[in-house]
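Residue numbers (the numbering used here): 395 to 678.
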């Protein structure tokens, strides 16, 4: 069941049109939604500098990525695209709900479960931690037709999404982290047009994020984590690089575990190279 392939002739033109159309819609939605939310003083939160900006513009990114994927489904009629389309949409919406109704009373895996057991409160973070694996499991079962691999990819995907959510504490950091990880693993990845297109569609939202015009929120960081999972696992294509999956799974698991005890922001601040990369392009 082939999913991603190189194109030629008219197919290339259609593909480029789909990409350009999606990017145009993304830019328009970013401009309109940001202007509207600021004007109406809605869904604004203080960033790390205390500046109030729209907090959940990542829903625009999730919607556009889903739209682009749906166009591919309509064009080539491969149902795997439909799985990715629904996953993008679901994962972003779950994050959007957390952006709107979530609070800072509990953080991390331990924090959400402790709140449930100690205070009998179900946080939006815990709901997100439940719904996202369900979305990943359903998609994985459909694609792989194998329980073990489905469970593996569900855990892997959920950890990737949570990890990039943790990086979204400073302007531009989340998308920078994605590009850095992919650059380090790039030689082992099957770079196909669809994956490259997803990364291109990150550029408009990245510019506004790093310029502190808006925040990605969970709605955005969730889909960025999903993109990382999608590209590294290559789950929805014919070829699956199991060695890359296991190595990356180990790294992602270790970073998630470490985040329960250390602050990534503090680690970055203490390392000159990481700090330089983190602040590159950001407003002073």
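Backbone N, C-alpha and C define an ideal beta-carbon position, used for all residues, glycine too.
In this structure, how does DSSP classify residue i when only helix, strand and coil are distinguished?
i: residue 565; result: coil
i: residue 510; result: Only weak support is given to the placement of residue 510: the predicted model assigns it a pLDDT of 49, under 50, and the value that follows is read from those uncertain coordinates. If DSSP states are grouped into helix, strand and coil, residue 510 belongs with the helices.
i: residue 451; result: coil
i: residue 667; result: helix
i: residue 676; result: coil
i: residue 466; result: helix
i: residue 632; result: Residue placement at residue 632 is flagged as unreliable, the pLDDT there being 49, under the threshold of 50; the coordinate-derived value follows with that caveat. The answer is coil: DSSP assigns residue 632 none of H, G, I, E or B.
i: residue 540; result: coil
i: residue 522; result: helix
Let me know if residue i comes out buried or exposed under the rule of 16 or more other beta-carbons within 10 Å of its beta-carbon.
i: residue 626; result: buried
i: residue 597; result: exposed
i: residue 648; result: exposed
i: residue 657; result: exposed
i: residue 468; result: exposed
i: residue 473; result: exposed
i: residue 675; result: exposed
i: residue 589; result: buried
i: residue 652; result: exposed
i: residue 522; result: buried
i: residue 529; result: buried
i: residue 685; result: The requested residue 685 does not occur in the structure, where the chain is confined to residues 395 to 678.
Verify whether the separation of the beta carbon atoms of residue i and residue j is less than 8 Å.
i: residue 437; j: residue 425; result: no
i: residue 451; j: residue 611; result: yes
i: residue 481; j: residue 613; result: no
i: residue 619; j: residue 531; result: no
i: residue 417; j: residue 576; result: no
i: residue 478; j: residue 599; result: no
i: residue 608; j: residue 447; result: yes
i: residue 629; j: residue 526; result: no
i: residue 431; j: residue 550; result: no
i: residue 578; j: residue 659; result: no
Between residue i and the rest of its own chain, which residues show a CB-CB distance below 6 Å, the 5 nearest in sequence each way excluded?
i: residue 561; result: 567, 568 and 571
i: residue 489; result: 612, 613 and 616
i: residue 465; result: 412
i: residue 539; result: none
Given residue i, which residues of its chain have a CB within under 8 Å of its CB, disregarding the five upstream and five downstream residues?
i: residue 541; result: 535
i: residue 592; result: 459, 462, 621, 624 and 625
Who are the Cβ neighbours of residue i in its own chain at under 7 Å, not counting the five residues just before and after it?
i: residue 429; result: none
i: residue 533; result: 477 and 481
Just list the beta strand (DSSP E) runs in the stretch 399 to 445, keeping only unbroken ones of 3 residues or longer that don't cross its boundaries, in chain order.
438 to 440
Start-end ranges of the alpha helix (DSSP H) lying completely within the stretch 581 to 621, minimum 4 residues
Taking only runs of at least 4 residues, the alpha helix (DSSP H) segments lying wholly in the stretch 581 to 621 are 587 to 594 and 596 to 604.
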